[in-house]
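For the record, the sequence lines run as chains A and B.
Going left to right, the first sequence walks through residues 170 to 508 as the working numbering numbers them.
Going left to right, the second sequence walks through residues 170 to 508 as the working numbering numbers them.
Worksheet: the structure to be examined is printed underneath.
2 protein chains.
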Amino acid sequence: MATLADVARRAGVSAATVSRIVNGSPKIVSDELRERVLRAVQELQYVPNAHAQLLARSHRTTVGVIVHDVSDPYFAEITRGLQRVASEQGRLVIICNSYRDPDRELEYVELLRAHQVEAIILAGSGYHDPAFTKSLNAKLAAYMATGGRVSVVGRHKLAGDAVMPANEEGGYLIGSAVFSLGHRHVGVVAAPRQLTTTTDRLAGLRRAARDHRRSLPARRIAYAEFDRDGGAAATAALLDADPKLTAIVALNDSMAIGALSTLRDRGLSVPSDVSVVGFDDMPIARDVTPRLTTVRLPLVEIGARAITLALEAPQHSPRVEEAAAEVIHRESLAAPRAE
Amino acid sequence: MATLADVARRAGVSAATVSRIVNGSPKIVSDELRERVLRAVQELQYVPNAHAQLLARSHRTTVGVIVHDVSDPYFAEITRGLQRVASEQGRLVIICNSYRDPDRELEYVELLRAHQVEAIILAGSGYHDPAFTKSLNAKLAAYMATGGRVSVVGRHKLAGDAVMPANEEGGYLIGSAVFSLGHRHVGVVAAPRQLTTTTDRLAGLRRAARDHRRSLPARRIAYAEFDRDGGAAATAALLDADPKLTAIVALNDSMAIGALSTLRDRGLSVPSDVSVVGFDDMPIARDVTPRLTTVRLPLVEIGARAITLALEAPQHSPRVEEAAAEVIHRESLAAPRAE
DNA sequence: CAGGCGAAGGAAAGGGCTTTCCTTGTAGCC
DNA sequence: GGCTACAAGGAAAGCCCTTTCCTTCGCCTG
Chain A
170 MATLADVARR AGVSAATVSR IVNGSPKIVS DELRERVLRA VQELQYVPNA
220 HAQLLARSHR TTVGVIVHDV SDPYFAEITR GLQRVASEQG RLVIICNSYR
270 DPDRELEYVE LLRAHQVEAI ILAGSGYHDP AFTKSLNAKL AAYMATGGRV
320 SVVGRHKLAG DAVMPANEEG GYLIGSAVFS LGHRHVGVVA APRQLTTTTD
370 RLAGLRRAAR DHRRSLPARR IAYAEFDRDG GAAATAALLD ADPKLTAIVA
420 LNDSMAIGAL STLRDRGLSV PSDVSVVGFD DMPIARDVTP RLTTVRLPLV
470 EIGARAITLA LEAPQHSPRV EEAAAEVIHR ESLAAPRAE
Chain B
170 MATLADVARR AGVSAATVSR IVNGSPKIVS DELRERVLRA VQELQYVPNA
220 HAQLLARSHR TTVGVIVHDV SDPYFAEITR GLQRVASEQG RLVIICNSYR
270 DPDRELEYVE LLRAHQVEAI ILAGSGYHDP AFTKSLNAKL AAYMATGGRV
320 SVVGRHKLAG DAVMPANEEG GYLIGSAVFS LGHRHVGVVA APRQLTTTTD
370 RLAGLRRAAR DHRRSLPARR IAYAEFDRDG GAAATAALLD ADPKLTAIVA
420 LNDSMAIGAL STLRDRGLSV PSDVSVVGFD DMPIARDVTP RLTTVRLPLV
470 EIGARAITLA LEAPQHSPRV EEAAAEVIHR ESLAAPRAE
């Protein structure tokens, strides 16, 4: 691998000159030397060692983002918004998938610190796990103490800037849509209960139930993995427990799609037999049959705002921004059949 | 930010000792010193600077992968297989999204080289673009000349190990399935023609047509972006040009879903009016209505094999491995209605 | 013509870590 | 007791760059 010194030797100049030319420093260099150096760079196919540069330079230009899984559309959207701002600001972003494993999340914070990132953005849901939250906080505090910037998406009980998706509000809106149509037997297909996203959305649902003089008994809430197969399994369990269900609220679109699949397998049609609603408005929501009624969160914007907060100068007190939720009405929700 | 030297000072030992303990070197260190050092590490929240480590160490442990877009399920699957092997082998992987921009692809090769990666895996489709291929080859050659390893997924005319998805074969299989049912008016929803993936799949389709004494005239092939909306637009164009179409072959599942959407908008039902088939067997293929008949490629395995090739010692001549395609029969393909 | 100034390039000091090679001290052996 | 041998820790030489001074030189000014 050719080094700066090799180039300098070949061009017959000092390392300083090569560095200045390669990096386009404002210092004036004669055209002749520039020419020679550039030729040497070409001939040797020289590429600067990024690690040496990072070590020698003082300022950082990389930010890290920890998500559950970028291939999940929810995080893909957030990441897209984030990347856009990052590019605009000349920052590189390192993406880390925690796959919802708290330990891995901890490791990644360490890794990003090791890589000297300028900011860490935590985009995954928070966990109801005091021990974990405490150690995560400790790690982040150590990072922030040395000038690192942190921002989070969602509820984390972390001292840092945050963008809050309106999960509770979204739950309330979609719940109201369902209850106001007259549904009385409503099942909820929920994600693991240790995720704050789950409890927040559920809380909104409960508030909507109360407002409509309905209740959401525990037996009508099935917890499962936060994906299509989890949704399918939870729906099956709900249906077995109460065949009279007229509506199913899934806590995200993937689970709603799983619900659709189970319903189809059982010969129940949507929405005439059972209504189904989702959450997140993933792109695929408009392409399933029936098209999914769901809650839209401005995910791209959430990502963009999270990184913007992280890149701006820190304030005295942590800033918290809300991102509004909105119900997208499609075909999968209808009034229950008259009994 | 605490450094190794800070830890050494605090523990009252040399930097060498700290390094040995932190990295678990085989050299024996007394329990007492180990104890003191570990305590200092804790107290200072020390995390080694990854760049300094990479600079000081000789061996590389990171690999880079360039894909079109990880949030595309096709690449998400490949990446998953790749990540699995990487973790098993103790390697970190850097993911780069080229968004199908050749220039960005070039830049990323440079960036990965700068980051001293051990191997580069090119997972995107090749391009029919001699100028680009040439400069990419030059960059990769320079990288390989200094000990870098390269492997590619798909056809790239690159001197390196390769895993070849059976695109031609897959095209042939799905084409045969369509033609053997008696379809005579078959439209193709194709991706941009400069992608080798497109031409390979098309070639298979043409071979199937010949075998069944049919043809695939140019007017029945519509090229568009390789995504859902591209598929929807191309389908509309095809239908406008020839309303008698009885089958549509989309070159990937996203485009097939777009086709389904256009068909639905026009009140045509699938498969009774028009059959639709896709390619890639993305997870969502079984969840749309009707369930999509498509071609499965062992994507996770392709990713795993690509990185395995890259990590193994290079052979004299580049190795090329084939990955078989298989038709997955679901509901979106049926015989054409008798006229 | 001395003195000063600005332009152009180089020397060298880091930046934080790994690792080889040394030094020191102790145990073991005849 | 004198010697070897080995265990345990440290000194210091890199790894490859950036950047801050310095030096040199030609030119202008008074």
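The beta carbon of each residue, even a glycine, is placed where N, CA and C say it ideally should be.
Item, Value
"Just the Cα atoms here: how many angstroms apart are V322 (chain A) and G329 (chain A)?", "10 Å"
"I want to verify the contact list: residues of chain A whose CB lies under 9 Å from the CB of T315 (chain B), in sequence order.", "M170, A171, Q214"
"Using DSSP with H/G/I as helix, E/B as strand and the rest coil, what is L261 (chain B)?", "strand"
"Just to confirm, are S438 (chain B) and H352 (chain B) a CB contact at a threshold of 9 Å?", "no"
"Residues of the stretch 424-443 of chain A with a CB closer than 9 Å to any CB of chain B: list them in chain order, please.", "I426, G427, L429, S430, R433"
"Check V439 (chain B) in the structure and name its three-state DSSP category.", "coil"
"Consult DSSP for D270 (chain B) and reduce its assignment to one of helix, strand or coil.", "coil"
"Grouping DSSP H, G and I as helix and E and B as strand, with all else coil, what is M170 (chain A)?", "coil"
"For my contact list, V319 (chain B) and A346 (chain B) are in at a C-beta cut-off of 8 Å; report their separation, rounded to the angstrom.", "Actually they do not touch by this definition, with Cβ atoms about 36 Å apart."
"Taking the beta strand (DSSP E) that S291 (chain A) belongs to, which residues open and close that run?", "It is worth fixing the name first, because residue 291 (chain A) is Leu in this sequence and not Ser. Unbroken beta strand (DSSP E) run through L291 (chain A): 288-291."
"Return the bridge partner residues of I417 (chain B) from the DSSP annotation.", "B:G356, B:V445"
"Which chain A residues sit within Cβ distance under 9 Å of H220 (chain B)?", "A219, H220, A221, Q222, L223, L224, A283, H284, Q285"
"When the distance is taken between beta carbons, is S267 (chain B) closer than 9 Å to G293 (chain B)?", "yes"
"Where DSSP assigns a beta bridge to M313 (chain B), which residues make up the other side?", "DSSP, once it has assigned bridges, lists no residue as partnering M313 (chain B)."
"Determine the extent of the beta strand (DSSP E) in which I497 (chain A) is found, giving its start and end residues.", "495-497"
"Quick check on H220 (chain B): buried or exposed, where buried means 16 or more other Cβ atoms within 10 Å of its Cβ?", "buried"
"I'd like to check one pair, I263 (chain A) with T230 (chain A): are the Cβ atoms closer than 9 Å?", "no"
"Exposed or buried, which one is Q211 (chain A) when buried takes at least 16 other CB atoms within 10 Å?", "exposed"
"In whole angstroms, give me the CA-to-CA distance for P299 (chain A) and H325 (chain A).", "11 Å"
"Taking only the alpha-carbon atoms, compute the straight-line gap between A372 (chain B) and R460 (chain B) and give it to the nearest angstrom.", "26 Å"
"Relative to the C-alpha of L480 (chain B), which candidate in B:V182, B:Q252, B:A209 has its C-alpha closest?", "B:Q252"
"Can you find a C-beta in chain B that's less than 9 Å from the C-beta of S240 (chain A)?", "yes"
"Give a yes or no on whether 9 Å exceeds the smallest Cβ distance from A311 (chain B) to chain A.", "yes"
"In whole angstroms, give me the CA-to-CA distance for G181 (chain B) and V206 (chain B).", "8 Å"
"Going by the CB atoms, is the gap between L213 (chain B) and R249 (chain B) shorter than 9 Å?", "no"
"Does the beta carbon of D175 (chain A) sit closer than 9 Å to a beta carbon anywhere in chain B?", "no"
"Going by beta-carbon coordinates alone, are A419 (chain A) and G436 (chain A) separated by less than 9 Å?", "no"
"Spell out a yes or no on whether the stretch 328-344 of chain B and the stretch 374-389 of chain B are touching, meaning 3 or more CB-CB pairs, one atom from each, closer than 8 Å.", "yes"
"Using DSSP with H/G/I as helix, E/B as strand and the rest coil, what is I453 (chain B)?", "helix"
"Skipping 5 residues on each side, what residues in its chain have a beta carbon closer than 6 Å to that of V187 (chain A)?", "L173, V176, A177, V206"
"Hey, how far is the Cα of T315 (chain B) from the Cα of L478 (chain B)?", "18 Å"
"In three-state DSSP terms, what is P242 (chain A)?", "helix"
"By a C-beta neighbour count over all protein chains shown, 10 Å radius and 16 as the cutoff for buried, is S194 (chain B) buried or exposed?", "exposed"
"Counting along the chain, where does the alpha helix (DSSP H) carrying S320 (chain B) start and finish?", "Not the alpha helix (DSSP H): S320 (chain B) falls in the beta strand (DSSP E), residues 318-322."
"Taking the C-alpha atoms as reference points, what is the distance between N336 (chain B) and P217 (chain A)?", "38 Å"
"Mind checking who L364 (chain B) pairs with in its DSSP beta bridge?", "B:Y296"
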